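**Student:** Pasting a structure here, questions to come.
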Ligand code: CA
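Residue numbers (this note's numbering): -18 to 208.
Quick look at the structure:
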């Protein structure tokens, strides 16, 4: 069920579409001009716009460009112009889909649903999980067995990179380049020191590793500890 803005100057079509879309459960605002439509769309409460291309005040393609410049609301263009060129122009101008008149309301509703499914805002990345480790890249937090880890920024970056590539042996060169961007003065020793800090945060040591396994002269890998 969506908040639909219908911009259509033909009163007969507009009223019929509005009533049928409302019967299908949508909330519909219906207007007869691009100007009225734009002012409603810019308020930001609209989920999807159905835009007639042949409007009396502003050309539909122009209205589409104005809309696109201001908001991300998906737009389905409804056009009587069944020539390919205007459809292509509408899609190039930012329309998400189109329907060619005459169309059934069921057909329009199916297109609206498909566009709305595609434009669902993307969810944040799921946390990375390795054994009891949880690393939330978006929130910049990490926990071990449910306890939040207090990490300095470089320690977090190091842990996040190793966990993202869990199971792969990572060289110190690679860590220097990814975690420290090859900053001047960063040596293998710097990497070693940070790794030992990170081990301490994880409650382990090089002699008794659980998550962080180093191989001298090769690198380090992060793995889930065995049972
Ligand atoms: Ca029209």
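C-beta: ideal position from N, C-alpha, C; glycine also.
These figures come from a predicted structure and were not determined experimentally.
Could you name the residues of the same chain whose beta carbon sits closer than 8 Å to that of residue 129, not counting the 5 residues immediately before and after it, in chain order?
**Tutor:** Here residue 129 corresponds to residue number 148 of the chain shown, with the count starting at 1. For residue 129, where only same-chain residues beyond five positions count, the Cβ hits under 8 Å are 122 and 123.
**Student:** At a cut-off of 8 Å, would you count residue 144 as near ligand 1, judging by its Cβ distance to the nearest heavy atom?
**Tutor:** Here the question's residue 144 lines up with position 163 in the chain shown. Checking the Cβ of residue 144 against ligand 1 gives no.
**Student:** Going by alpha carbons, who is nearest to residue 53 out of 15, 96 and 135?
**Tutor:** Position 72 of the chain shown, counted from the first residue, corresponds to residue 53. The option with the nearest alpha carbon to residue 53 is 96.
**Student:** Leaving out five residues before and five after residue 17 in sequence, what residues of the same chain have Cβ atoms less than 6 Å from its Cβ?
**Tutor:** Walking along the chain shown from the start, residue 17 turns up at place 36. Excluding residues within five positions, none has a Cβ falling inside 6 Å.
**Student:** Using only CA atoms, which one of 78, 203 and 145 lies nearest to residue 190?
**Tutor:** Within the chain shown, residue 190 is the residue found at index 209, counting from 1. Nearest C-alpha to residue 190: 203.
**Student:** Alpha carbon to alpha carbon, what distance is there between residue 43 and residue 23?
**Tutor:** Here residue 23 refers to the residue found at position 42 when the chain shown is read from its first residue. Here residue 43 refers to the residue found at position 62 when the chain shown is read from its first residue. Rounded to the nearest angstrom, the two C-alpha atoms are 15 Å apart.
**Student:** By alpha-carbon positions, which one of 151, 179, 163 and 88 ends up nearest to residue 197?
**Tutor:** Position 216 of the chain shown, counted from the first residue, corresponds to residue 197. Of 151, 179, 163 and 88, the residue nearest in Cα terms is 151.
**Student:** Are the beta-carbon atoms of residue 58 and residue 34 separated by less than 9 Å?
**Tutor:** Translated into positions along the chain shown, residue 58 becomes position 77. Translated into positions along the chain shown, residue 34 becomes position 53. A contact, by the Cβ cut-off of 9 Å.
**Student:** Closest by CA to residue 184, which one among 45, -8 and 206?
**Tutor:** For the purposes of this step, residue 184 is identified with residue 203 of the chain shown, where counting begins at 1. Checked all of 45, -8 and 206; the closest Cα to residue 184 is 206.
**Student:** Below 8 Å, is the gap between the Cβ of residue 120 and the nearest heavy atom of ligand 1?
**Tutor:** Here residue 120 refers to the residue found at position 139 of the chain shown. No, ligand 1 has no heavy atom inside 8 Å of this Cβ.
**Student:** Taking contact to mean 3 or more Cβ pairs, one atom from each stretch, closer than 8 Å, check whether the segment 1 to 16 and the segment 58 to 77 are in contact.
**Tutor:** Result no; under three Cβ-Cβ pairs closer than 8 Å.
**Student:** Would you mind sorting residue 170 into buried or exposed? The rule is 16 or more other CB atoms within 10 Å of its CB.
**Tutor:** On the chain shown, position 189 is the one that residue 170 refers to. It is exposed - the Cβ of residue 170 has fewer than 16 other Cβ atoms within 10 Å.
**Student:** Are residue 192 and residue 127 touching if we call contact CB-CB under 9 Å?
**Tutor:** To locate residue 192, count along the chain shown from 1; it is residue 211. To locate residue 127, count along the chain shown from 1; it is residue 146. No.
**Student:** Name the DSSP bridge partner or partners of residue 81?
**Tutor:** As a position in the chain shown, residue 81 is number 100, starting the count at 1. Bridge partners of residue 81: 60.
**Student:** Is any beta-carbon of chain D found at less than 9 Å from that of residue 204?
**Tutor:** Checking the listed chains, one finds no chain D in this structure; it contains a single protein chain.
**Student:** Rounding to the nearest angstrom, what Cα-Cα distance links residue 115 and residue 109 in this structure?
**Tutor:** In the chain shown, counting from the first residue as 1, residue 115 sits at position 134. In the chain shown, counting from the first residue as 1, residue 109 sits at position 128. Spanning the two alpha carbons is a distance of roughly 6 Å.
**Student:** Within 10 Å of its beta-carbon, does residue 55 have 16 or more other beta-carbons around it, so buried, or fewer, so exposed?
**Tutor:** On the chain shown, position 74 is the one that residue 55 refers to. Residue 55 is buried by the Cβ-count criterion.
**Student:** Excluding the five sequence neighbours on either side, which residues of its own chain have a C-beta within less than 6 Å of the C-beta of residue 103, listed in chain order?
**Tutor:** Along the chain shown, read from residue 1 onward, the residue named residue 103 stands at position 122. Confidence at residue 103 is low in this model, with a pLDDT of 48, below 50, so its placement is unreliable and no value can be given for it.
**Student:** Hey, is residue 33 close to ligand 1, as in C-beta under 8 Å from one of its heavy atoms?
**Tutor:** Counting from 1 along the chain shown, the entry for residue 33 is found at position 52. True, at least one ligand heavy atom lies under 8 Å from that Cβ.
**Student:** So residue -6 packs on residue 36, CB below 8 Å; how close in whole Å?
**Tutor:** Position 13 of the chain shown, counted from the first residue, corresponds to residue -6. Position 55 of the chain shown, counted from the first residue, corresponds to residue 36. With a Cβ gap of about 12 Å, residue -6 and residue 36 do not count as contacting.
**Student:** In or out: residue 77 buried (at least 16 other Cβ within 10 Å) or exposed?
**Tutor:** Your numbering for residue 77 matches position 96 in the chain shown. So residue 77 ends up on the buried side.
**Student:** Just confirm the distance between the C-beta atoms of residue 86 and residue -2, as a whole number of angstroms; I'd bet it's less than 8 Å.
**Tutor:** Counting from one through the chain shown, the residue named residue 86 turns up at place 105. Counting from one through the chain shown, the residue named residue -2 turns up at place 17. That belief holds up - the Cβ atoms of residue 86 and residue -2 are roughly 6 Å apart, short of 8 Å.
**Student:** Along the chain, where does the alpha helix (DSSP H) containing residue -6 start, and where does it finish?
**Tutor:** Numbered from its first residue, the chain shown carries residue -6 at position 13. Per DSSP, residue -6 belongs to the alpha helix (DSSP H) from -8 to 4.
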